[in-house]
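Counting in this note's numbering, the first sequence tops out at residue 775, every number present. Working notes for the structure below.
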Amino acid sequence: MRYIGIDFETRSRVDIKKAGAYRYASDLSTDVLCLHAMDSETGEEWTWYPRSGEVFPGTLAESLAEAVLIVASNAEFDKAIWEFIAAPVYGAPSLKHEIWYCSQAQCRVNALPSALEKAARALGIKRRKDPRGNALIKVLSIPDPKTGEFNEDPKLMVEMGEYCAQDVRLMMQVMKLTRWMSATEHRDWLITCDINERGARIDTDLARLCVAYAAQERDEIAKGLTILTKGVITKHTQSVRGRDWVLEQCKHVPAVRSIMTVVKNNEEKRSFDKEIRARLLDMEDDLPNHVVDFIDFMDDGNKSSVAKFQRMLDMAEIDDRVRGAFVFAGAGQTQRFASRGLQLHNMRRDCWNVEQTEELKARMGRNHAINAVMDTLSQLLRPAIIPAPGKKFVVSDWSAIEGRVLPWLTGDPRAEVVLDIYRSGQDIYLHTAATMGLTDSDRQIGKVTTLALGYQGAVGAFTVMGKNYGLYLPEKQVVDIVQKWRRANPWAVDYWRNCERAAVRAMKYPGEYVQIGRCQFVAVEGLIGTTLCGILPDNTVIQYPDARLDYVQTPHGGKTVVSYMKASLTPKADEKEWPRHTLYGGLIAENFTQGTAGALLKHSLRELDDRRAPVVLHVHDEIIMEVPERQTKSRAELLQKVMETLPEWADGLPLKAVPKIMTRYGK
DNA sequence: TGCGGCGGCGCC
DNA sequence: AAAGGGCGCCGCCGCA
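Here it is as structure tokens:
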């Protein structure tokens, strides 16, 4: 397929890291230094320096008119620069939306790192990195820190053009070594661009008040900590120093050391995180008073999420909207979306309602005191996202999506019992409790069991999940629960085992499609070494790059397992080989389940795109649209219909998604 | 001074 | 044999 690979080099007074690509591109100080382009078919290359008065190269315009795609690394950035600056200011031809294609998105669907350099390294592309790159950016792309002037040195500009050309060539090499996005994946990426361009509106007045209150509280905590520790700790963010200080102050209390001890990667470490602080406060009476006060200060301060308010303000454009928050296929292992910049996927769920938010906002506006400042502020994060005047949010999420998809994916007739519980609207947690011989009063146990054990998790998974719900059980009882759940749900246990076997079989017979429930495995030789592909019911491909069969020793002999390159872990500078992971049944079941839930979301987003529904946010199992007030009813009906109507590939999957209307984002 | 590692936070 | 994993951001800390 003929395409034009491009890369812009730009300069600006805006810090792109802080403000994000969209605010960067729309700022008046942002300008194009050069554009490099290469035709994939003819090999012809162009470097265009528009600031020197060069007109857009005519032969490049001709190639663009004939090419099917225009490809860039993080194409959303290049698209924004093209549309905000290159076309309107310098006369580059205008391009249609559909022509854009992102090589970073292509890397992510291949489960490789997004960033060009990292992807090239993961692919083993041997090249000399141009040492001038970073230096040139520092000199030409940001104003001189002393004079505030931009450097216009024409010689350096030409060097920049050469550096830019190297990046384009490298990108095109990466394109050759990886699987291209399917038409559906490309469309999903384009839909993500639309959502990112729409942006989410921020209550910037509220955000500014929160920033001010957080700063004041931070200073007070700092004062308290400094006095308490005689200057050893001066900020609540000094977690390592704080940890060591507590250990020192409590060395005569042996229990403290043991509570603070955790095992990570087979190594003993001390930790002082939220959960450990809570356990320390449980034995308050045995601790020195000043240590208890210290823990209270750290607890109060450690709502790090309040930093998001500053991020909102940094990224908000003139219309108070934050753009560019969503990353298509950001999660390489499941192909789910990720969120970047202002991370919208991890905002505290437990939050104030509209009335409480307005009251707090009014109090802060009058400079009145508020209680438990940091905690209160972090509960204002979601409500700080608001619709434009005259509009409302229409919101819906799928009920227990993973709990439904997992049994459905197995295709096991014995899993129908579980699916029937969902179909009939019964309480799955009570059902789980009942199958283990527990009563209705043990619903909480049923809930933690359902959430924690589906992916081969055992005592550890249950205990961690239980803590989130304030459930603490003796280990013996947890062992019993795990055993009972697995006996009551043999479809799950068999599925884990069969997933693992299917992966190994597919690796042994490359090219052969191995069916496993409603999914398939196939090993593709010659793609990033050998890539093990998991194919989901909608044909989404989950890739395990550079997969190998390994033989591992076990207490009863040995067995064959599949290992693969883990893109999300970057190797240390001195390590040659990329970090690897080993597949096991529960992990495959989880990747497939989350991937299929993501496929449902992408399907709904396409349906909504067909109907021009203005989606502004989504969070894995939740969709938020911003619609004019008089349309809320019809749009809510549409949203429910789209989310509850099964795609043709999901026959028999019970789905439920009841919509809500909101005037601020909430839970 | 800049950068990467690491501990910590929070959501699905 | 057993195994919770998927994300991204903030801030400190040590190193170059």
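Glycine included, C-beta positions come from ideal geometry on N, C-alpha and C. Bear in mind that the values here come from a model prediction, so they are computed numbers and not experimental data.
Less than 8 Å divides the Cβ of V354 from the Cβ of F402. A direct Cα-Cα distance of roughly 36 Å separates P582 from L761. K377: member of the beta strand (DSSP E) spanning E375 to R378, first to last residue. Per the Cβ contact rule, the region 635-649 is not in contact with the region 407-422 (fewer than 3 Cβ pairs under 8 Å). In this chain, the beta strand (DSSP E) harbouring K500 covers K499 to D505.
Sequence-distant partners of R385 (beyond 5 residues in either direction) whose C-beta falls short of 7 Å from its own C-beta, in its chain, are I403, M406 and D407. Taking a cut-off of 8 Å on C-beta distances, the region 470-487 touches the region 314-321, as three or more cross pairs fall below it. Taking C-beta separations shorter than 7 Å and ignoring five residues to either side along the sequence, the partners of A439 in its chain run A446, following chain order. The criterion of a C-beta distance shorter than 8 Å is satisfied by V502 and T740. Note that the region 460-478 does not touch the region 279-288; fewer than 3 beta-carbon pairs, one per stretch, sit closer than 8 Å. The bridge partners DSSP lists for S171 come to none. In this structure, DSSP gives T334 a helical state, which the three-state scheme calls helix. By DSSP's assignment, E153 forms a beta bridge with M146.
A distance below 8 Å separates the beta carbons of M751 and S712. A distance below 6 Å between beta-carbons, with the five flanking residues on each side excluded, links Q212 to the following residues of its chain, in chain order: S181, N182 and S222. The straight-line gap separating the alpha-carbon atoms of R349 and E685 is approximately 34 Å. For A541, the closest alpha carbon among the candidates P767, G554, G256 and T334 is that of G554. Residue pairing from DSSP places P736 in a beta bridge opposite K499. By the Cβ test, the region 505-525 is in contact with the region 591-601, since at least three Cβ pairs between them sit closer than 8 Å. Excluding sequence positions up to five before and after R378, its CB lies within less than 7 Å of the CB of R351, L355, M368 and T369, all in the same chain and listed in chain order. By the Cβ neighbour-count rule, E170 is exposed, with fewer than 16 other Cβ atoms within 10 Å of its own. For L389, no beta strand (DSSP E) encloses it; the enclosing alpha helix (DSSP H) starts and ends at K382 to D390. The three-state reading of DSSP puts L395 in coil, since its state is none of H, G, I, E or B. In this model, G166 and V266 are separated by some 20 Å (Cα to Cα).
Here DSSP, grouped into helix, strand and coil, assigns F700 to helix. DSSP places L657 inside the beta strand (DSSP E), whose first and last residues are R656 to T662. Under the criterion of beta carbons closer than 8 Å, Y652 and A230 do not qualify as touching, at roughly 13 Å.
Residues of the same chain with a CB within less than 6 Å of the CB of P515, apart from the 5 flanking positions on each side, are A523, V526 and L527 in chain order.
Residue nearest to I732 within the set S366, I493 and A133 is I493 (criterion: CA-CA distance).
Burial check for L136: the Cβ neighbour count within 10 Å stays below 16, so the residue is exposed. Counted as a single uninterrupted DSSP element, the alpha helix (DSSP H) harbouring M472 occupies residues V462 to G473.
Annotated three-state conformation of A631 is strand, per DSSP. With contact defined as three or more Cβ pairs closer than 8 Å, the region 424-435 and the region 126-146 are in contact. Between T118 and V140, the gap from beta carbon to beta carbon is short of 8 Å.
In the three-state reduction of the DSSP assignment, F436 falls in the strand class, which pools E and B. Nearest to L677 by alpha-carbon distance, out of P687, R431 and G706, is P687.
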